[in-house]
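Chemist: If you read the sequence shown in our numbering, its first letter stands for residue 171, the second for the next number, and so on.
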Amino acid sequence: MLLELNQLIVKAGHQLLIKDVSWPAYKRILAELGDNRSSRIGYSQGMLEIMAPLPEHEVAKVIIGDLVKLLLEELDLEFWSLGSTTFDKETMNAGVEPDDCFYIQNEARVRGKDRINLEIDPPPDLAIEIDITSRTRFNNYQDLRVPELWRWNGRKLEINVLFNGKYLESNTSSIFPNLPIQQVIPEYLMLSKTNGRNTTMKGFRAWIRQKISSPI
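1) Could you pull out every residue in the same chain whose Cβ sits closer than 6 angstroms to the Cβ of ILE290, ignoring the five residues on either side in sequence?
2) Hey, how far is the Cα of VAL232 from the Cα of LYS189?
3) At 4 residues or longer, what runs of the alpha helix (DSSP H) sit wholly inside the segment 354-386?
4) Whole angstroms are fine: how far does the CA of SER383 sit from the CA of LYS259?
5) Among the residues of its own chain, which have a CB less than 6 angstroms from the CB of LEU242, if the five just before and after it don't count?
6) Name the residue from THR255, GLN353, SER192 whose alpha carbon lies nearest to the alpha carbon of LEU288.
7) Determine the direct distance from the alpha carbon of GLN312 to that of GLY335, and round the result to whole angstroms.
8) Determine the closest residue to MET371 out of GLU267, VAL238, ASP284, ALA195, with distance taken between C-alpha atoms.
9) Quick one: measure Cβ to Cβ for ILE300 and LEU327, integer angstroms, because I've assumed they're closer than 8 angstroms.
10) Taking the alpha carbon of GLU228 as the point to measure from, which residue in THR364, ASP269, ASN263 has its own alpha carbon closest?
11) Hey, out of SER209, LYS283, MET217, TRP377, whose CA is closest to PRO223's CA?
12) Identify every residue that forms a DSSP beta bridge with SER214.
13) With distances taken Cα to Cα, identify the nearest neighbour of LEU247 among LEU218, GLU267, ASP295.
14) If contacts are defined as beta-carbon pairs under 8 angstroms, then ILE211 and GLU277 qualify, I think. What distance do you get, rounded to the angstrom?
15) Mapping DSSP to helix, strand and coil, what is ILE188?
16) If I follow the unbroken beta strand (DSSP E) through ARG315, where does it start and stop?
17) Just the C-alpha distance for VAL191 and ARG315, rounded to the nearest angstrom, thanks.
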């Protein structure tokens with residue numbers, strides 16, 4: 171590439187797109203940027219995306235991730251949260267760094283592994299993206315065959331379920347089919363802004379236990 175990475179400035183809340191980036195160049199950029207950075211990288215079919223999140227983006231990411239963890243704990247489902255781990259696959263010419271992600275159904279298949287290799291390992295069962303300032307590209311996740319993708323745009327939680335290699339927007343989660351995820355996650359995310367994180371989590375835990383004890 172003609173540009174050096176230290177020449178690129180991406181302001182918080184903005185994204186930078188660079189076209190015609192080869193797979194070796196993408197991997198070199200990842201290595202040069204390193205793991206200790208605030209920006210996130212996406213790659214799909216030669217298009218490189220560099221995103222710099224805002225503080226509100228990080229707040230939503232943490233709270234939604236905590237709600238999912240609490241939900242999985244109360245349902246007694248083993249899981250492994252890998253946060254913004256880089257997932258890529260050369261044969262699919264795609265790479266992505268989700269805001270958060272979870273191995274749930276496939277947790278046992280990757281349990282204890284130091285590194286995930288999508289050439290032999292399954293992708294995360296659930297990826298979460300916070301699209302407050304920019305809209306995440308679908309192709310990355312579709313190409314990597316991530317079964318379910320949640321996208322929060324600041325007002326609505328969009329649930330996308332992979333079907334025949336393409337995402338279909340759904341009102342329900344395939345992972346939590348008996349719970350109104352699309353309504354309850356935004357509700358408790360908003361409550362956290364007025365009631366505080368701990369009070370919100372206690373209320374959410376009570377709601378889950380009530381749903382478990384008296385399912386509709």
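Just so it is clear, CB atoms sit at the ideal spot from N, CA and C, and this is done for glycine as well.
Predicted model, so just to flag it, every value in this text is computed and none were measured.
Modeler: The relevant details are as follows:
1) Excluding the 5 residues flanking it on each side, ILE290 has no same chain C-beta neighbour closer than 6 angstroms.
2) Spanning the alpha carbons of VAL232 and LYS189 requires a straight line of approximately 31 angstroms.
3) Listed in chain order, the complete alpha helix (DSSP H) runs (minimum 4 residues) inside the segment 354-386 are 367-383.
4) Looking at the two C-alpha atoms, the distance is approximately 42 angstroms.
5) Hits under 6 angstroms: PHE249.
6) The shortest C-alpha separation from LEU288 is found at THR255.
7) Put simply, the backbone Cα of GLY335 is about 6 angstroms away from that of GLN312.
8) Among GLU267, VAL238, ASP284, ALA195, the Cα nearest to that of MET371 is on VAL238.
9) Between LEU327 and ILE300 the Cβ distance is about 11 angstroms, and since that is not below 8 angstroms, they are no contact.
10) Of the listed residues, the one whose Cα sits closest to GLU228 is ASP269.
11) Ranking the options by Cα distance to PRO223, first place goes to SER209.
12) Looking at the DSSP assignment, SER214 forms a beta bridge with MET217, ALA264.
13) Of the candidates LEU218, GLU267, ASP295, ASP295 places its Cα closest to the Cα of LEU247.
14) That pair is no contact at about 25 angstroms.
15) DSSP places ILE188 in strand when its eight states are reduced to three.
16) Here ARG315 belongs to no beta strand (DSSP E), and DSSP marks it neither H nor E.
17) Their Cα atoms are separated by approximately 22 angstroms.
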